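Residue numbers (the working numbering): 33 to 170. Idealized CB from N, CA, C, for every residue including glycine. Since the model is a prediction, treat every value here as computed from it, not as a measurement. These notes concern the structure reproduced below.
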């Protein structure tokens with residue numbers, strides 16, 4: 033069997049990250065596929081209402097809820113999300129951590145950025161002096 037380049041298929045149960053609109057940055061789950069441009073998504077634990085949403089405004093994540101029937105109800109979806117601990121798995125992913133770090137850095141004030149610069153300089157000096165002493169002793 034030939035392995036394709038695409039690892040994430042559009043499927044019922046696929047967890048998506050909304051990247052446009054008032055729900056941007058929130059997780060949702062594909063409940064049904066409307067056509068080749070849109071899907072029905074719902075995010076009961078993240079505050080995304082059930083709606084038809086275009087694929088170009090969402091990003092497929094590697095997380096999938098297996099064996100989810102099409103058009104699943106809200107209560108059953110909440111149970112499936114809690115059972116698979118999907119939100120916790122997302123929060124532990126490198127992708128989510130990177131988004132959180134971007135949000136934190138965007139909220140820094142000028143003085144916070146200055147303090148960060150000084151701390152990075154201290155770290156760089158400590159590492160460089162440790163490398164220099166290690167080279168000298170070797």
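Annotation: residue 71 to residue 116 spans about 22 Å, alpha carbon to alpha carbon.
Residue 154 has its alpha-carbon roughly 41 Å from the corresponding atom of residue 47.
Taking C-beta separations shorter than 7 Å and ignoring five residues to either side along the sequence, residue 168 has no partners in its chain.
DSSP places residue 64 inside the beta strand (DSSP E), whose first and last residues are 59 to 65.
When the beta-carbon positions are compared, residue 42 and residue 92 come within less than 8 Å of each other. DSSP, reduced to helix, strand and coil, places residue 42 outside both helices and strands of the structure shown, so it counts as coil.
Runs of the alpha helix (DSSP H) spanning 4 or more residues and lying entirely within the stretch 109 to 140 occur at 118 to 123 and 126 to 138, in chain order. Per DSSP, the continuous beta strand (DSSP E) segment holding residue 85 begins and ends at 80 to 86. Residue 161 and residue 52 have their alpha carbons spaced roughly 47 Å apart. Per DSSP, the unbroken beta strand (DSSP E) holding residue 70 starts and ends at 70 to 75.
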